[in-house]
Structure formats: structure tokens, C-alpha cells
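Printed below as a string of C-alpha cells:
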């Protein structure tokens with residue numbers, strides 16, 4: 067790597083990193099700037115509002131219900147006529163981000179730093195935002211578009227850039243049953259199992275514990291003994307509630323419990339894990355690489371839920387999955403109800419990272435199931451309960467611009 071050593075004390079030398087030298091030395095597989103220059107010329111952001119299909123089921127968690135998804139589409143254009151698309155999933159009650167807030171951040175602060183840069187230098191470009199606090203979904207949407215361009219320019223898919231598929235490119239999904247009444251929960255679970263889903267995720271924590279346990283009982287009766295069931299409290303339980311619930315969850319064959327306690331209470335999560343036999347998944351507790359490190363240090367989880375949006379991009383997602391693998395902790399692919407472009411990125415991640423154990427923990431790539439509109443021309447859903455990784459360079463998807471603009475917010 068290129069460094070400049072400055073004259074100084076006998077014991078220490080000041081080191082100045084040269085980003086250009088660092089990139090050239092570690093990315094020789096790609097054409098250098100001198101060989102084939104490419105520059106970002108413009109970045110467009112488009113807020114969209116996508117209805118949720120109520121026939122599939124209500125979308126909710128311990129914090130409330132959602133009837134529409136507010137997202138931000140990002141279009142990065144270059145002087146080489148190779149463009150990239152990204153997507154930002156905004157859920158203010160979950161991540162604190164909004165589509166209009168992400169638009170303002172990108173338009174005014176992030177995009178100007180990228181104009182004129184080579185989009186294929188993804189890590190270098192994202193390094194511009196390393197000091198931008200929070201806003202992981204906004205940064206992930208931009209990074210997504212850069213990876214799309216990198217793949218298109220090199221003829222490789224995102225999963226190939228990551229090293230290629232390590233598993234079948236048809237990925238099993240788990241269907242979330244939202245916090246509705248016991249019989250309604252059972253009916254929804256039965257319907258989706260009949261459509262091909264092999265795993266049901268029961269959302270809990272919104273109602274009293276006994277109410278949720280009755281829902282679980284009826285769901286198990288409805289789907290039979292061979293369907294896998296997980297529960298997700300979205301941080302809605304206290305430590306004591308989580309510990310008290312665990313034996314009952316085991317009674318009904320629950321595979322693991324996801325984010326049982328508040329996301330900021332990692333010590334509480336670790337305590338719950340030490341007191342119960344069920345595996346514990348950390349989701350909201352792990353946004354950043356630093357969150358993941360602390361979670362692993364405290365041994366707070368058996369599984370970590372990762373996805374590019376929450377983690378601030380694919381690069382961070384890969385780092386967290388690798389850290390967890392080194393610590394002997396599995397990962398699973400989570401969701402914030404992405405639309406089609408975001409779901410495509412999640413599919414590439416799921417198929418390429420060995421420690422995202424889709425075979426054991428079915429993927430949460432559920433946006434295509436719930437949204438009434440499509441943002442791409444070829445659907446990701448092949449049949450009920452499965453999604454196929456898109457083929458082709460970059461994300462492997464072609465945007466349905468007419469559909470996207472139809473969903474544009476006024």
C-alpha cells in the first residue's frame with residue numbers, strides 16, 4: 067500500500083494514506099482510471115409510496131402497523147452510459163429514517179461528494195461518508211447503486227463480486243405472521259404454508275404475553291408439527307417476560323427467539339441468553355460493526371440478523387458476517403420490508419456469504435410478497451416460499467421506470 071512517511075520523532079512516523087495508491091494496489095483486477103476512466107455525472111433520488119397488499123396480511127411489529135412503504139429510489143448515472151440503481155427502505159418507527167429525510171441528506175450532502183468520482187471504487191467512495199453519523203439505510207442505498215455499476219462494468223453479478231454462490235440460488239423464505247388475533251394468525255399461517263412456505267415467523271411483543279402464547283398455540287395447531295416456527299418480539303418484552311416465555315416457546319417447537327428485549331439492552335439480551343435454552347437472535351441490537359463486536363464480546367446472541375440496509379451497506383454486512391463466523395456465531399438475512407431492488411441485493415448477499423445460514427434460518431426477503439407494485443420487470447418470486455437470485459451483471463434487475471414513477475410521492 068502507498069504511504070508517505072514524514073520526518074518526525076525517533077519512535078513514531080506520521081503516515082499519510084494515499085487513497086489512489088491503496089485502491090490500485092488492492093483492486094488490480096479492475097481497470098485502472100488511466101485505462102478506462104468512468105465518472106459519476108448525476109445522482110437522482112425519487113421518493114415512492116408503495117401500498118401493502120392487505121390480502122397477504124397486515125404488516126406490523128411490536129411498535130405498530132404499516133399500511134404503506136415509504137422508500138427512496140436512487141439512480142446513479144455515469145459518463146460511460148452505465149447506470150446503477152439503489153433503494154432505501156425508510157421506517158421511522160424502526161430505524162429513525164424517512165424517505166424525505168434520506169433524500170435531503172443525499173441531495174445536499176452525500177451526492178455532491180460523489181460527482182466526478184469513479185463509481186467502481188466502491189470502498190473509496192463510501193469512505194467519504196465514514197464520518198456521517200447514523201443514516202445507515204441512506205448510505206446503503208447509494209452503495210447499492212455503486213455495486214450495480216461495478217457489476218455491470220465488469221460483467222459480474224454482485225454475488226460473483228463477493229466470490230460467487232456458495233449455496234443453491236433458490237432461497238427458502240420465512241413468512242411473518244403479524245400481531246393480529248389468535249384465529250387470524252392461525253389462518254394466515256395455514257394459508258402461507260399451503261402456498262409453499264416452510265417457516266413461519268410469529269410477530270409478538272405488541273400484546274400481553276399470554277395473548278401471544280395463545281396465538282402461538284393456534285398457529286402450531288394450524289401448520290402441524292413439521293413447519294418451523296420462529297418468534298420475533300422486536301424488543302417488545304422485558305427481560306423477565308422473555309425468560310418466562312422461553313419454556314412455553316419450546317413447548318410449541320419454536321426454533322429461536324428474535325430480539326426478545328430492547329435493542330439498547332445488550333446486557334439484558336446476554337442475560338436472557340444465559341438463562342434459556344432457545345437460541346437467541348440479535349436484530350435491532352446490531353446496526354453497526356461496533357454493535358456486532360460488542361454483541362459478540364458479551365455473547366449476547368447465538369445468531370445475528372444482518373442485511374445491507376440496517377448495517378449501512380454491503381461492505382459492513384460482509385464485515386459483520388465474517389466477524390460472527392470467526393466467533394462461531396451464525397448469521398441470518400433480515401428484512402425491513404424492502405422493495406424489489408433492495409430484495410435483489412439481499413438475495414445476492416444470502417447466496418454468497420457462507421455464514422448467512424439460509425439452509426438453517428430461512429431468509430426474510432419478504433418485500434416482494436407484501437407489496438402490490440413491482441419496481442423491476444422480472445419478478446424475484448419464483449413460487450411461494452422461495453426467491454431466486456437474479457441473473458446478470460450487477461444486481462441483475464431491470465427497473466420498471468413506469469411503475470416506479472407511478473408510485474412516486476407527490
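Residue numbers (my numbering): 67 to 476. C-beta: ideal position from N, C-alpha, C; glycine also. Keep in mind it's a predicted model, so treat the numbers as computed, not measured.
Item	Value
Which residues bound the alpha helix (DSSP H) around residue 278?	275-289
Quick one: measure Cβ to Cβ for residue 326 and residue 303, integer angstroms, because I've assumed they're closer than 8 Å.	5 Å
Given 7 Å as the limit, tell me if residue 400 has its C-beta closer than that to any heavy atom belonging to the ligand FAD.	No copy of the ligand FAD appears in this structure; indeed no ligand is present at all.
Out of 216, 116, 222, point me to the one whose CA is closest to residue 404's CA.	116
For residue 333, tell me which candidate among 316, 312, 239, 357 has the shortest Cα-Cα distance.	357
Does residue 316 pass the burial test, meaning 16 or more other C-beta atoms within 10 Å, or should it be called exposed?	exposed
For residue 392, count neighbouring C-beta atoms within 10 Å of its own C-beta (all shown protein chains included) and say buried if the count is 16 or more, exposed if not.	exposed
Taking C-beta to C-beta, are residue 155 and residue 240 nearer than 8 Å?	no
Compute the distance between the beta-carbons of residue 140 and residue 470, then report whether it is under 8 Å.	no
Considering only residues of the same chain and omitting the five flanking positions on each side of residue 457, which have a CB-CB separation below 8 Å?	223
Does residue 214 pass the burial test, meaning 16 or more other C-beta atoms within 10 Å, or should it be called exposed?	buried
What is the rounded straight-line gap between the Cα of residue 279 and the Cα of residue 314?	7 Å
With DSSP as the reference, please indicate the residues paired to residue 347 in a beta bridge.	324, 369
Give every residue of the same chain whose Cβ lies closer than 6 Å to the Cβ of residue 265, excluding the five residues on either side of it in the sequence, and list them in chain order.	240, 294, 428
Measure the beta-carbon distance from residue 194 to residue 179 and round it to whole angstroms, keeping in mind my assumption that it falls under 8 Å.	4 Å
Just mark residue 199 as buried or exposed, buried being the case when its beta carbon has 16 or more other beta carbons within 10 Å.	exposed
When you compare each of 182, 166, 153 to residue 146 by their alpha carbons, which one comes out closest?	182
Can you give, in chain order, each stretch of the alpha helix (DSSP H) that sits fully within the region 415-450 and has at least 4 residues?	433-436
Could you have a look at residue 394 and say whether DSSP puts it in helix, strand or coil?	coil
Could you tell me the alpha carbon to alpha carbon distance between residue 389 and residue 360, rounded to whole angstroms?	11 Å
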